[in-house]
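> The numbers in the working numbering rise by one with no breaks, and the one at position 299 of the sequence shown is 591.
Glycine residues also receive a C-beta, built at the ideal position from the N, C-alpha and C atoms.
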Amino acid sequence: MRRLASLVAFGLWLAGCAAPPQALLVPQPTACARLQWLGSTTLARDEPIDGAITGGISGLDYDAQRGDYVAISDDRSARGPARWMRLRMEPLDAGQRAGPSPWQAQVTEVHPLLDTEGHWLRPRHAAPATQPVPDPETIRLLPDGGLLWTDEGDPGRGFGTSLVRTDATGRQIARWFYAFKDKDGRPGLRSNFGFEGLAVTPDGQQAWLALEAPLRQDGPRASAATAGAPVRISLVSLDDGRLLRQIAYQPDAVPAASWALPQREVNGISEILPDGPDHLLVLERSYSPGHGFGARLYRIGLQAPDTLAMDSFIRNPPQMAAKQLIADLSTVQRGRLDNMEAMSWGPPLPDGTRVLVFASDDNFNPAQANQILVTAYRPSTPCAP
């Protein structure tokens, strides 16, 4: 979300000159699971690795074969080639800690994202008319060692949001574009609100893709006054990119109202992750100038009715996927919460407890940070089966 960088800078100025901001509202639903803080740290800012700088972490996925993580930067080839990375995270013994956090994280490799010819993806001033300017948002590993990543889209130049399949080096094998047109053939995708969430099914044959915000034909975005329209989460084939099924998800309203820039309030889906074959974890990320970032984690069922054939939610409101609150991350993270965009399972604890890792996108903004938050995911009785 490149639009957030300037908004955050202005929002921090607002926070300094305004009355003390109201606290983000505490979610009311009963949590069906709890997150236990295990540790948090930050990645070094603008650290040059293999000729490119780190930062802008917008996607993260654990590689169980290598014991590290793949990540993707949302740099649009402006500070180096659009790229994916490898990160190593590990707990520290008490004697190794330089601060209070028991974890450390480090970028170990940086690799360019490549087109079908093996070339770097070009920035706006150099991109040909036949190629969108890259806007990477999330990344997942495939069972064959290849990668999947999403691009938020370049609607101003006629390109919808897309899903890209690559080999193990990051070289494109296939790319599928989605314009989500309305009944009159007009693209429904809002600029900068394309695919933000990506979850691969256990068999590696399909993937769920989540838009950040509603399509134009489905209704308004969330604000502090209203939750807005539902957002579409689509199941696609990884053989040919076909849309197979779709469900509707209702995000929350923006948790805190901005007194100065209410039109810049944002809340939407930031990432999704499988939680067994029948559920997804959904990370909602919010921002309000003068108040900062918020993030809430929900668990949803995939049994909701199929909305793929519905051309508009305004004329025919859908039945939404049931959602259960897991945690408000501001109550888990120690200190200020940044722009949480990435989420991945990690290696389990010795007792089998699953580990859930979050990472923030610093927008290459000195006022922000590349936060890493490591948690234990402990389901409790109220969670639906």
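1) Taking the alpha-carbon positions, what's the Met381 to Gln396 distance?
2) Tell me whether Pro435 sits in a helix, a strand or coil according to DSSP, three-state version.
3) Quick test of the definition: if touching needs 3 or more C-beta pairs under 8 Å, does the segment 559-568 touch the segment 631-644?
4) Per DSSP, Ser526 forms a beta bridge with which residues?
5) For Lys475, count the other beta carbons within 10 Å of its own beta carbon; 16 or more makes it buried, fewer makes it exposed. Which is it?
6) DSSP has Ser580 in a bridge; who is on the other side?
7) Which residue marks the beginning of the beta strand (DSSP E) containing Pro404, and which one marks its end?
8) Mapping the DSSP letters down to three states, classify Pro566 as helix, strand or coil.
9) Apart from the five residues on each side of it in sequence, which residues of its chain come closer than 8 Å, Cβ to Cβ, to Pro494?
10) Can you list, in chain order, the residues of its chain whose CB lies under 6 Å from that of Ser550, leaving out five sequence neighbours each side?
11) Kindly indicate which residue of Gly450, Leu573 and Tyr470 has the alpha-carbon position closest to the one of Ala694.
12) For the beta strand (DSSP E) holding Lys615, just list the boundary residues, first then last.
13) With 16 other CB atoms within 10 Å as the buried threshold, where does Leu281 fall?
14) Whole angstroms is fine: what's the gap from Arg375's alpha carbon to Val402's?
15) Leaving aside the five residues before and after Ala545 along the sequence, list all residues of the same chain whose C-beta is less than 8 Å from its C-beta, in chain order.
16) Which residue wins for smallest C-alpha separation from Thr599, given the options Arg368, Phe472, Arg326 and Gln328?
17) Please state if the CB of Ser365 and the CB of Gly347 are separated by a distance shorter than 9 Å.
18) Quick one: is Asn655 buried, meaning 16 or more other Cβ sit within 10 Å of its Cβ, or exposed?
19) Does Asp643 pass the burial test, meaning 16 or more other C-beta atoms within 10 Å, or should it be called exposed?
20) Could you check what DSSP says for Asp510 in three-state terms: helix, strand or coil?
21) Specify the secondary structure class of Gly348 as computed by DSSP and reduced to three states.
22) Name the DSSP bridge partner or partners of Asp267?
23) Where does Leu317 sit, in a helix, a strand or coil, going by DSSP?
24) Near Ser672, what residues of its chain come up, given a Cβ to Cβ distance below 6 Å and the 5 sequence neighbours on each side ignored?
25) For Ile561, list the residues DSSP reports as bridge partners.
26) Exposed or buried, Phe487, counting other C-beta atoms within 10 Å across all chains shown (16 or more means buried)?
27) Of all the options Val362, Phe605 and Ala651, which has the alpha carbon lying nearest to the alpha carbon of Arg508?
28) Where does the unbroken beta strand (DSSP E) through Gly638 begin, and where does it stop?
29) Quick check on the burial criterion: 16 or more other C-beta atoms within 10 angstroms. Buried or exposed for Gly410?
30) For Thr400 and Arg378, which I take to be in contact (beta-carbon distance under 8 Å), what is that distance rounded to the nearest angstrom?
31) How about Ala502 and Ile465: are their beta carbons less than 9 Å apart?
32) In chain order, what residues of the same chain lie with their CB nearer than 8 Å to the CB of Asp446, ignoring the 5 residues before and after it?
33) According to the neighbour-count rule (16 or more other Cβ atoms, all chains shown, within 10 Å of its Cβ), is His417 buried or exposed?
Judging by the given coordinates:
1) 6 Å
2) coil
3) yes
4) Leu501 and Gln538
5) exposed
6) Gly584
7) Trp395 to Pro404
8) strand
9) Pro566 and Pro569
10) Glu557, Ser580, Pro581 and Gly582
11) With the chain covering 293 to 677 only, the question about residue 694 has no answer from this structure.
12) Lys615 to Asp620
13) Within the shown structure, residues of the chain are numbered from 293 to 677, placing residue 281 beyond reach of any answer.
14) 7 Å
15) Ala514, Ser515, Ala516, Ala517, Thr518, Ala519, Gly520 and Asn559
16) Phe472
17) yes
18) buried
19) exposed
20) helix
21) coil
22) What the structure shows of the chain is the stretch from 293 to 677, and residue 267 is not part of that stretch, so it cannot be assessed.
23) Model confidence at Leu317 stands at a pLDDT of 36, short of 50, so the residue's coordinates are unreliable; what they give is reported in the following sentence. Here Leu317 sits in coil by DSSP.
24) Ala325
25) Glu576
26) buried
27) Phe605
28) Met632 to Gly638
29) exposed
30) 5 Å
31) no
32) Pro424, Val425 and Asp427
33) exposed
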